[in-house]
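A short worksheet on the structure shown next.
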Amino acid sequence: MADFEIPETHEFPVIPTVMEGVMSHSAPFLAKAQFQEQLGFPGDAGLIEGWKEVFLEKLGEMLGKYRSLLVFMDICVKCGACTDKCHYFLGTGDAKNMPVARQDLLRKVYRRYFTFAGKYFPKLVGAVDLTEEVVTEMYSYYHQCSECRRCSVFCPYGIDTAEVTMAARDILAHIGMGQKYSNEIIGKVFKIGNNLGLPEPALADTLEGLEEEVEEDIGVKVRYPLDEKGADILLVTPSADFFAEPHVDGLIGYGKVFHAAGVSWTVSSKASEAANFGLFIGNYENMREISLRIRDAAKELGVKRIIFGECGHAWRVAYSFLNTLAGPWDFLDPNYPVPQHILDFTSDCLDRGILNIDKSENDWMTLTFHDSCNVARASRIGSYPGSQFTIPRKVIKAVCNNFYDMAPETIHDATFCCGGGGGLLTDDLMELRLKGALPRMEALKNVIDDKGVTHMAAICAICKSQFTKVLPYYGMTMDQIVSVHQLVSSAIILEGQGDEDESAADTEEAA
Ligand code: SF4
Ligand code: SF4
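If you count by the numbering used here, then the sequence shown holds residues -9 to 501, one letter each, in order.
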């Protein structure tokens, strides 16, 4: 068990007593030189020579480049509307985990060096000198933000703390304080093609194994192809889908849907990863390099369409940034000029009546749905506003008879982060992850108690991994988190499925 206290759950969120510095010890491991260099950052797990000048130069560059950041530095009126909206504040009570206080860590330095008042009357405007202590505090608290953007929904000025966090992390990486976990993962994507460092032969084996498993299970040969030139669709999915539970059950589901729809598809060993941790470290150059792999793979394989699997932040990057980072996608089928979400594809198949569904296969479960932050607050899944909320629920309800939503203030655009997003899904931040999961765990417990919910479905690889880890700490079991396409997979009946059983029964009857 944990060597810190797991917060108590309540029927309604309780605003914690504000405490100073109770999480100041929490910080992820710093990236050593090998994990800095490969991303174009200097340093070796610590401040570089002349770091102060580099910090201010980088901050100045960003203020000039990103108008939003400059506006966010100036317009906060300290109204307090965001203070109790962050899951990390609710779970830890640390004053600096209030979104406004988190922004202020950078704002105070901005004021000191970039405003008239801060230069001449720093104390009057709360400006501070840039010191080692200040950047150490920044490293800690900007890694206690999952960039989930919940606070921005409640800010009357729309200040996006996630954007401030991303800017701060990028600046810190440029002065030698990059984060080991995210940088190491990006390095693996560059070298091998995915976050897990799964090489092409291992990937081929895994997909072959899945084909055998599905055939054994349902008696139908469903294909899980790799690097197949000329396929219609390139599936870009998080590498956790290739082996982790419950992710892999979702991948099995995508394959069954493609099979039923009669389309050809393939995974690429070159772009065998949907995740883009360049977003988490706030660095557009790395985000772009990761994105270009997908473009190259799509061109090499000659696909007509790109579909993303269940991954929250990957979908945010695909939906919001991919065109700018790696477009134009003019070589794709003009009917599908931008990447599509797998749920959009499945929803369309349901509308066209081409999926044969037996909902009763999921009757042993009562479901609820966790809206993943990056999908909920940064994208759509279909073409209309709010489709990121309605389409997942529509698909779940099409394949399950028992579904209940969690409390309205904890879903849709007010959804709570799982606690492990934004590059924080690392063991060195376990205390933060467990405490930050509190609001979601409370909402889940309430529907378990009131509605008899047994399982929670999600469409994000990070959420699934995080919940698998934290559910047991809150008195639940790790298998209570499921993939949405796992539910589809259980309910879908493919042509020829069960034929062997029927013919065996016929033979028995005839005998
Ligand atoms: S973006 Fe999310 S994690 Fe970051 S301060 Fe806002 S609510 Fe907290
Ligand atoms: S809600 Fe917005 S304006 Fe109000 S304190 Fe928070 S960041 Fe500042």
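Heads up, the beta-carbon is just placed ideally off N, CA and C, and yes, glycines get one too.
- At which residues does the beta strand (DSSP E) containing I297 begin and terminate? Per DSSP, the unbroken beta strand (DSSP E) holding I297 starts and ends at 295 to 298.
- Query: Under the criterion of a Cβ to heavy atom distance below 7 angstroms, does S362 qualify as lining ligand 1?
  - Reply: Judged by the Cβ position, S362 fails to qualify as a neighbour of ligand 1 at the 7 angstroms threshold, every heavy atom of the ligand being at least this far.
- For P18 and H133, believed in contact at Cβ under 8 angstroms, the rounded distance: Between P18 and H133 the Cβ distance is about 5 angstroms, and since that is below 8 angstroms, they are a contact.
- To the nearest whole angstrom, what separates the beta carbons of P329 and L312, a pair I think is in contact under 8 angstroms? Under the criterion of beta carbons closer than 8 angstroms, P329 and L312 qualify as touching, at roughly 6 angstroms.
- Item | Simplified DSSP state of M431, which is helix, strand or coil | Helix, per DSSP.
- Residues of its chain near A264, where Cβ-Cβ distance is below 7 angstroms and the 5 sequence neighbours each way are ignored: Correct list, in chain order: V226, T227, P228, F298, G299, C301, A304.
- Message: In the DSSP output, which residue or residues are listed as bridge partners for M52?
- Response: The partner list for M52 (beta bridge, DSSP) is empty, contrary to what the question assumes.
- Item | Separation of T467 from A501, as counted between CA atoms | Low confidence applies to A501: its pLDDT is 46, below 50, so where it sits in the model is not reliable, and the reading given next is rough at best. Put simply, the backbone Cα of A501 is about 46 angstroms away from that of T467.
- Query: Which first and last residues belong to the alpha helix (DSSP H) in which L524 is found?
  - Reply: Because the chain in this structure spans residues -9 to 501, residue 524 falls outside the shown range and cannot be described.
- Is A501 helix, strand or coil by DSSP? Note that A501 has pLDDT 46, beneath the 50 cutoff, so the model's placement of it is unreliable and the number below is only indicative. If DSSP states are grouped into helix, strand and coil, A501 belongs with coil.
- Message: Could you tell me the alpha carbon to alpha carbon distance between L114 and F104, rounded to whole angstroms?
- Response: Their backbone Cα atoms lie some 15 angstroms apart in a straight line.
- Message: Please state the DSSP three-state secondary structure of A447.
- Response: The answer is strand: DSSP assigns A447 an E or B state.
- Task: Report the residue ranges of all beta strand (DSSP E) runs contained in full by the segment 203 to 263; include only those spanning at least 3 residues, in chain order.
- Result: Taking only runs of at least 3 residues, the beta strand (DSSP E) segments lying wholly in the segment 203 to 263 are 223 to 226, 255 to 257.
- Message: Taking its Cβ as the centre, do 16 or more other Cβ atoms sit within 10 Å of G413, making it buried, or is it exposed?
- Response: Label assigned to G413: buried.
- Message: So, with DSSP's three-state summary, where would you put H360?
- Response: Coil.
- Do you know offhand how far H0's Cα is from T380's? Distance between the alpha carbons of H0 and T380: 28 angstroms.
- Message: Quick check: does the Cβ of V4 come within less than 7 angstroms of any heavy atom belonging to ligand 2?
- Response: Placement of the Cβ of V4 at a distance of 7 angstroms or more from every heavy atom of ligand 2 is found.
- Leaving out five residues before and five after N391 in sequence, what residues of the same chain have Cβ atoms less than 8 angstroms from its Cβ? Around N391: K349, S350, N352, D353.
- Task: Pull up the distance between the alpha-carbon of G388 and that of F335, whole angstroms please.
- Result: The residue you asked about is not Gly; residue 388 is Ala in the sequence shown. For A388 and F335, the distance between alpha carbons rounds to 14 angstroms.
- Could you tell me whether the Cβ atoms of F406 and H77 are closer together than 8 angstroms? Yes, the pair counts as a contact, with Cβ atoms nearer than the cut-off.
- Message: With three or more beta-carbon pairs closer than 8 angstroms as the criterion, would you say the segment 119 to 126 touches the segment 58 to 74?
- Response: No: fewer than three Cβ pairs fall under 8 angstroms.
- Item | C-beta atoms of H445 and L333 nearer than 8 angstroms | For H445 and L333, no; Cβs fall outside 8 angstroms.
- Task: Examine the Cβ distances between the segment 283 to 296 and the segment 243 to 263 and report whether three or more of them are shorter than 8 angstroms.
- Result: Touching, yes.
- Query: For P112 versus R102, is the C-beta distance shorter than 8 angstroms?
  - Reply: Taking the C-beta atoms as reference points, R102 is found nearer than 8 angstroms to P112.
- Task: Counting only the same chain and skipping the five closest in sequence on each side, list residues whose C-beta sits under 6 angstroms from that of T82.
- Result: M13, K425, listed in sequence order.
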